[in-house]
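Numbering (full-length UniProt numbering), first residue to last: 1 to 67.
Right under this line is the structure:
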């Protein structure tokens, strides 16, 4: 699984950071950023899906390689 944030959509609600602080950080501009490469460890899959579901701007893109 891989994640990325569509920066043009992010409005800085930071719901993703509360749901998965291991994978998201706040940038200097106050908007969310993905930590590292965006690769999601299997143990954090539920947190990513929670972050994705709670983003009111639909700014998180999730690529699931288990299709």
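Don't be surprised by glycine CBs; every beta carbon is placed ideally from N, CA and C.
Please read these numbers as outputs of a predicted model, since none were measured by experiment.
Asked                                                                                          : Found
Reference residue 64, options 54, 58, 38, 20, closest by Cα                                    : 38
Limits of the unbroken alpha helix (DSSP H) element including residue 45                       : 45-53
For residue 57 and residue 11, the rounded distance between their alpha carbons                : 7 angstroms
Bounding residues of the beta strand (DSSP E) (the contiguous stretch that carries residue 33) : 32-34
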